[in-house]
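Colleague:
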Amino acid sequence: MITLICEISSLKFLNFVEYLFLDFHIDLLSFEYFTKNCRANLKKWIIYIEGEEDLRKDYLKYVNNYQKVHNSLKILGINKGYMCEFDWTNDELEIINSLKDQSINIFPSDELDKC
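The numbering of the sequence shown is the UniProt record's numbering, which starts it at 1 and goes up by one.
#1: What separation, rounded to the nearest whole angstrom, lies between the Cα atoms of ILE75 and PHE21?
#2: Going by DSSP in three states, PHE34 sits in which element: helix, strand or coil?
#3: Classify VAL69 as buried or exposed, calling it buried when 16 or more other Cβ atoms lie within 10 Å of its own Cβ.
#4: Who are the Cβ neighbours of ASN64 in its own chain at under 7 angstroms, not counting the five residues just before and after it?
#5: Straight-line CA distance for LEU29 to ASN37?
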């Protein structure tokens with residue numbers, strides 16, 4: 001679905017998007033495609049990764065790769081889903097720290113209305 005959306009010619013205007021809230025599940029391959037093909041320089045991005053415990057590191061890795069190309073993110077929101085708490089793995093924390101080293105503030109999405 002993301003592939004089809006990205007191929008619509010009228011979406012060339014997506015390069016003007018600065019805030020993006022993806023409040024739905026995106027499979028990893030589509031998420032990778034989006035991060036590699038997104039032309040927008042997002043400043044605030046909220047992603048949904050509930051129920052993807054074994055893939056969270058990969059989602060974070062693609063966000064990190066996106067940031068290395070665009071260098072635009074200021075805020076990353078992570079939508080954990082209702083009543084979910086994350087126990088980050090060491091690999092995930094390494095990527096999160098890399099994002100923080102790139103001046104990205106990371107918040108649970110329910111705290112983003114304060115940003």
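Backbone N, C-alpha and C fix where the C-beta goes; we use that ideal spot for every residue, glycine too. Values in this document were obtained by computation on a predicted structure and should not be read as measured data.
Modeller: Judging by the given coordinates:
#1: Taking the sequence shown and counting its residues from 1, one reaches residue 75 at position 75. Taking the sequence shown and counting its residues from 1, one reaches residue 21 at position 21. Using only the alpha carbons, I get a separation of about 11 angstroms.
#2: Against the sequence shown, residue 34 aligns to sequence position 34. Three-state DSSP puts PHE34 in a helix.
#3: As a first step, residue 69 must be located in the sequence shown, where it is residue number 69. Exposed, since its Cβ has fewer than 16 Cβ neighbours within 10 Å.
#4: What you label residue 64 is simply residue 64 of the sequence shown in a count that begins at 1. Once the five neighbours on either side are set aside, the close Cβ partners of ASN64 are ILE95, SER98, LEU99.
#5: Here the question's residue 29 lines up with position 29 in the sequence shown. Here the question's residue 37 lines up with position 37 in the sequence shown. Looking at the two C-alpha atoms, the distance is approximately 12 angstroms.
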